[in-house]
């Protein structure tokens, strides 16, 4: 947690191992027993937070029938706990946003194992089966939009730029869902001649 606090306080590039050790109340040498570098420490913190976020979807009760009867309601039931997680964890949110937005992230992202998002991936698969229109969207772009929008607005809330209230949450969801709603429609079977 000290790494995330330090990144929030000093920025990703400005943070030093000394800053982290002071916040943790241990010597820099003690940190180097566990981490080879500041970069490794940051990557491990990111993985830790990413796993916490993924666990949200492991705990959700997802009803596929709701997805068919109220697609946007189903999306909101998945999105809302995710957004609230970020708002409830200010240090993690700012840290996560800064690392994802850093020059180091693409290299890290290509090499990482994100299999802990399997519950979420299963839910996405169900949506894609029910709404084939979703397959027409570049999937990397779609999920980057959802993730980036969610974390960015949560960061604005934890930094006090937006109020932490229901109106903000509803507006953020509307902004996020507007682009998605056109793809969440059941396709009619082609007429046979």
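Residue numbers (this note's numbering): 122 to 314. Beta carbons are placed, not taken as given, at the ideal position from N, Cα and C, and that holds for glycine.
Indicate the three-state DSSP secondary structure (helix, strand or coil) for residue 236 in the structure shown. helix
Limits of the unbroken alpha helix (DSSP H) element including residue 194: 192 to 209
Could you compute how far the alpha carbon of residue 197 sits from the alpha carbon of residue 267? 12 Å
With distances taken Cα to Cα, identify the nearest neighbour of residue 280 among 234, 209, 260 and 235. 209
Can you grab the Cα-Cα spacing for the pair residue 263 / residue 148, in whole Å? 43 Å
Using the C-alpha atoms, what's the distance from residue 167 back to residue 125? 9 Å
Through-space distance from residue 219 to residue 227, alpha-carbon basis: 13 Å
Is residue 190 buried or exposed, if buried means 16 or more other CB atoms sit within 10 Å of its CB? exposed
Would you list, in sequence order, the uninterrupted alpha helix (DSSP H) runs of no fewer than 4 residues that lie entirely inside the stretch 259 to 307? 260 to 279 and 287 to 302
Considering residue 150, what are the terminal residues of the alpha helix (DSSP H) in which it resides? 149 to 155
Terminal residues of the continuous alpha helix (DSSP H) containing residue 122? Neither: residue 122 is in no alpha helix (DSSP H) and is coded neither H nor E.
Residue span of the alpha helix (DSSP H) that contains residue 140, given as start and end: 138 to 145
CB contact flag (residue 285, residue 293, <8 Å): no
If you reduce the DSSP assignment to three classes, tell me which class residue 225 lands in. coil
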